[in-house]
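Reviewing the structure listed below.
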Amino acid sequence: MKTKAQDGTTQRLKAVLDVLADQAKGAAGGPGSAVLAEAIARVPLNERESELLSGGVPRGFKALTIASAKLVKAGWMVKGRSGWTITEEGLRATVAFPDEESFASALAAGAAVPAGTPLPAAAGPADEAAAAAGADTAPATAEDQAPARASDQASDQPAAVAIAGNFGSHLGAAEDWAPHFDEVQMVFDQDEKVWKITTDLPAGAYSYKVAIDRSWVENYGAFGVRDGSDHELHHPGGQVTFRYNHATKDVSTS
10 MKTKAQDGTT QRLKAVLDVL ADQAKGAAGG PGSAVLAEAI ARVPLNERES
60 ELLSGGVPRG FKALTIASAK LVKAGWMVKG RSGWTITEEG LRATVAFPDE
110 ESFASALAAG AAVPAGTPLP AAAGPADEAA AAAGADTAPA TAEDQAPARA
160 SDQASDQPAA VAIAGNFGSH LGAAEDWAPH FDEVQMVFDQ DEKVWKITTD
210 LPAGAYSYKV AIDRSWVENY GAFGVRDGSD HELHHPGGQV TFRYNHATKD
260 VSTS
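Everything in the sequence shown is counted per the numbering used here, starting at 10 for the first residue and increasing by one.
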């Protein structure tokens with residue numbers, strides 16, 4: 010009998026494939042961490058799965074990370090340096106196995122996608138157009154789709170995003186862990202479609218979360234998990250830039 014945690018992992022594996030299909034229809038699907046975070050957003054962790062393991066990683070996140078190898082083994086996904094990519098066979102799998110039960114059975118049995126299974130409706134016309142026009146036109150198809158995705162992202166942004174942690178005072182705020190102060194608000198970059206803030210921090214270990222609309226009502230921690238564990242930053246000292254992507258709910262630093 011499957012446990013609740015296993016059931017959740019299977020649902021999220023299907024969500025991983027669906028995320029890649031939704032995002033790219035065969036093109037690079039983005040960093041693995043972003044794909045995993047979106048899958049967890051679609052199928053939230055239960056109480057047990059939210060328990061933190063050593064290193065502050067939620068139990069369910071680790072289980073999903075390990076289980077994602079099954080999608081690679083099935084030939085439905087590729088993990089590359091530039092990100093995770095859904096294969097054409099993976100796209101067809103989303104059509105052949107549209108519900109959790111058929112998906113789980115096929116994955117467990119190593120079943121092949123039935124011959125003649127079409128590509129998803131949204132992917133088929135694009136692929137046919139690319140084939141008709143030749144390989145040189147394929148990149149243009151992706152570029153034509155990109156502005157629409159960027160526009161959707163811009164319209165879905167919150168009114169304010171704060172980087173709230175134990176370094177708020179270094180940013181000029183009156184206290185730490187207070188998302189309502191102006192000094193900890195991030196600025197939306199229209200070109201990159203991410204929220205950013207750059208500051209100088211002394212060398213040390215820092216913890217933080219992202220808080221939406223100047224309160225803790227909606228906040229995101231490590232791996233983009235809502236109300237999740239703190240992000241951790243071990244900083245050598247000097248300038249650091251935080252980037253928050255509201256599509257994945259996750260933060261990167263540079």
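Even for Gly, the Cβ is constructed at its ideal location relative to N, Cα and C. Just so it is clear, the structure is predicted and the values come from calculations on it, not from any experiment.
Gly-233 places its beta carbon 9 Å or farther from that of Asp-198. Ile-49 has its alpha-carbon roughly 17 Å from the corresponding atom of Leu-62. In this structure, DSSP gives Leu-22 a helical state, which the three-state scheme calls helix. Shown here, Glu-241 sits in a strand according to DSSP, grouped into three states. With a cutoff of 9 Å on beta-carbon distance, Leu-29 and Leu-116 are scored as not near each other.
Around the beta carbon of Val-226, a 10 Å sphere encloses fewer than 16 other beta carbons of the protein chains shown; the residue is thus reported as exposed. With 16 or more neighbouring CB atoms inside 10 Å of its own CB, Pro-188 falls in the buried class. For Lys-82, the enclosing alpha helix (DSSP H) begins and ends at 78 to 82.
When DSSP reads this structure, Asp-259 sits in a beta bridge with Asn-254.
Look at Ser-216 here: in three-state DSSP terms it is strand.
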